[in-house]
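Colleague: Take the sequence shown: its position 378, counting from 1, is numbered 378 in full-length UniProt numbering, and each next residue is one higher. Quick reminder that beta carbons are idealized off the backbone N, C-alpha and C, glycines included. Okay, handing you the structure first.
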Amino acid sequence: MPRGNEAEIEQKIILPLLKVWGYASSDYWSKPKLGNGYPDFLICLPLAGDRSFNYLVIEVKSSNESRLRGQQQLRGYMRAAQAVFGLLINGKDYQLFYQNPLKKPLCQLKCAAGQLDRKSIQTLTKVLHRNAAEMLVSRLTQGQLKIYHHLEKVLQKNYAFPLTHPQRTSMIITVFNHKGGVGKTTLTLNLGAAFAATGKRVLLIDIDPQSNLTIGLGIDPLKDIEDQGRKDIAHLLLEPKVTLEEVVYQKRWDNLCLDVVPSHIRLADQEADLIRTIDIDRVLQRKLKNHPYDVILIDPPPAFGKVNAIALMASHGVLVPIQFAPYPIRAIEYVLARLEAFRPVMDNPPRLLGIAVNMYDQRNSAVNAQMQQRLQGILEKVAREYAVVCHLLPENTWIPKRAAIERATDLQQPIFSRNLYRELPRADQESIDELATTFENLARHLSTETFAQHE
């Protein structure tokens, strides 16, 4: 495929593709204003009267960059245009996004990504050709809103990435490591946002007295919860009549919504009360029964105390975040052994979902290889001595170390927030795109593995 700057890609690839796909120059706009920006192309077809239907937004990037960037930018254009598809392309790689504009809340799904070649263009043609757009417009004009369901089946048939899980179920995951400083809370928050961005209903439970997850979402445990007479995790655990619904606090950004059970510092002083309470280990398990969420992520303290037992008892799986550094690597054996020690007292022990690499410094390849080899040796030792099988998650799920995620934390927003994206300089926006892709990969991996095992 031809390569070059954005203008060259438009002339050599996009315009010829639009012609192959059956679009005349009257079917698209070049550089229209959408929201706060100007996408390269907007394909729209006429509806009844003077209305038009936005089918496809195309954002072109230079092929000179090593990585295809601009995912969050394209998502913003799709939202502003209420377009069905978004295509990000640089002449050598592409990403295809889909959304059902009629579905609320609106969720955007990456349904295809890879190298741009003859085969991928043939597959893209099946869903982006003018004939496909005209069929959708015709059905919508007749009021046949189920056409989107048919379109999603076509996408699932043609692309490797499933848009939805075949059977809707739920999973409860505790993100745990007793070693602090590995980015556990930041990972939990943004992993939850990644699930929410794919249309799943997500609940985050902060069961750590330090309340870092609560504060990281912009919720002040004193001003927003205690002073307002609202309840928190301590009420849920210690007061039998308090229900889950009473302690859920909803946090919303322009394109994202997360529910959270906030924590409070006083939980640290209530360990003795928890220990004295009969069958306290199962209290969260009972109160999460019949919950309405697709995904629940629990953020416990970095210690082995009573609240950790409560969290593990309620969970289907445990995700262990780690940093490629000597001490966190050495601590893994202890963490896995202690988790195994909980299993005999559990009716349905949670599965070890794997080791999630966080704050991955891609510049230190030699150190990373050494740390990975050392970690693999520890996992093999744990398997031999404790019969605990745990694996390192795939490299495309390793969360890179980027300043942008620290800025997001300082601004108390997940990296998937469009508000955050607009506030950041371009260099940080590119990092956000990379981070978002990695968190999406992690969410997709956990969905595939955990849902399949949990059913």
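#1: Leaving out five residues before and five after Asn419 in sequence, what residues of the same chain have Cβ atoms less than 7 Å from its Cβ?
#2: Is the segment 86-98 touching the segment 111-119 in the sense that three or more CB pairs, one from each, lie closer than 8 Å?
#3: Let me check one thing: in DSSP terms, what residues is Lys251 bridge-paired to?
#4: Taking C-beta to C-beta, are His391 and Leu375 nearer than 8 Å?
#5: Leaving aside the five residues before and after Ile215 along the sequence, list all residues of the same chain whose C-beta is less than 8 Å from its C-beta, in chain order.
#6: If Glu134 sits next to Leu258, beta carbons under 8 Å apart, how far is it from one beta carbon to the other, in whole angstroms?
#7: In three-state DSSP terms, what is Phe174?
#8: Thr414 lies in the beta strand (DSSP E); which residues open and close that run?
#9: Give the DSSP bridge partners of Ala356, in chain order.
#10: Helix, strand or coil: which one does DSSP assign to Ser30?
#11: Only counting runs of 4 or more residues, tell me where the alpha helix (DSSP H) segments fall wholly within the segment 75-132, in order along the chain.
#12: Report the rounded CA-to-CA distance for Pro350 versus Leu203, giving the unit in angstroms.
#13: In terms of DSSP beta bridges, what is Ile298 paired with?
#14: Is the beta carbon of Pro101 less than 8 Å from the beta carbon of Gln73?
#15: Thinking C-beta only, is Pro209 closer than 8 Å to Leu263?
#16: Buried or exposed, going by whether 16 or more other CB atoms sit within 10 Å of the CB of Asn441?
#17: Among the residues of its own chain, which have a CB less than 8 Å from the CB of Leu315, if the five just before and after it don't count?
#18: How many whole angstroms separate the CB atoms of Ile205 and Asn90, which I take to be in contact at a CB cut-off of 8 Å?
#19: According to DSSP, is Arg407 helix, strand or coil?
#20: Could you tell me the alpha carbon to alpha carbon distance between Gln167 and Leu339, rounded to whole angstroms?
#21: List the whole-angstrom C-beta distance separating Ile14 from Val84, where the pair is believed to meet the contact cut-off of C-beta under 8 Å.
#22: Can you tell me whether Val367 is buried or exposed, with buried defined as 16 or more other CB within 10 angstroms of its CB?
#23: Quick check: the segment 118-137 against the segment 15-23, are there 3 or more CB pairs under 8 Å?
#24: Is it right to say Lys287 is buried, meaning 16 or more other beta carbons lie within 10 angstroms of its own, or is it exposed?
#25: How many Å lie between residue 458 and Asp117 at the Cα?
#26: What whole-angstrom Cβ distance do residue 459 and Gln372 have, given they're in contact under 8 Å?
#27: Let me check understanding here. Comparing Cα to Cα, which of Arg79, Arg69, Asp361 lies closest to Asp93?
#28: Quick check on the DSSP output: what are the complete alpha helix (DSSP H) runs of length 4 or more inside the segment 330-409, in order along the chain?
Modeller: Reading off the structure:
#1: The residues are Trp253, Asp254, Gln413.
#2: yes
#3: The bridge partners DSSP lists for Lys251 are Leu258.
#4: no
#5: Pro221, Gln412
#6: Actually they are not in contact, since the Cβ atoms of Glu134 and Leu258 sit about 38 Å apart, beyond 8 Å.
#7: Checking the displayed sequence, the identity of residue 174 turns out to be Thr instead of Phe. Reduced to three states, the DSSP call for Thr174 is strand.
#8: Before going further, note that residue 414 is Pro rather than Thr in the sequence given. Per DSSP, Pro414 lies in no beta strand (DSSP E) and is assigned neither H nor E.
#9: Pro321
#10: strand
#11: 118-128
#12: 18 Å
#13: BP columns for Ile298 point to Thr174, Ile205.
#14: It is not a contact, given that the beta carbons lie outside the stated cut-off.
#15: Looking at the sequence provided, one finds Ser at residue 263 rather than Leu. Contact: yes.
#16: buried
#17: Per the sequence shown, the amino acid found at residue 315 is Ser instead of Leu. Within the same chain, Ser315 has close Cβ partners Ile172, Ile173, Thr174, Ile298, Pro350.
#18: In this structure Ile205 is not in contact with Asn90, their Cβ atoms being roughly 40 Å apart against a cut-off of 8 Å.
#19: helix
#20: At Gln167 the pLDDT is 48, less than 50, meaning the model places this residue with poor confidence and gives no usable figure here.
#21: Not a contact, Cβ separation roughly 18 Å.
#22: exposed
#23: yes
#24: buried
#25: Because the chain in this structure spans residues 1 to 455, residue 458 falls outside the shown range and cannot be described.
#26: The question about residue 459 has no answer, for the chain in this structure spans 1 to 455.
#27: Arg69
#28: 365-386, all fully within the segment 330-409.
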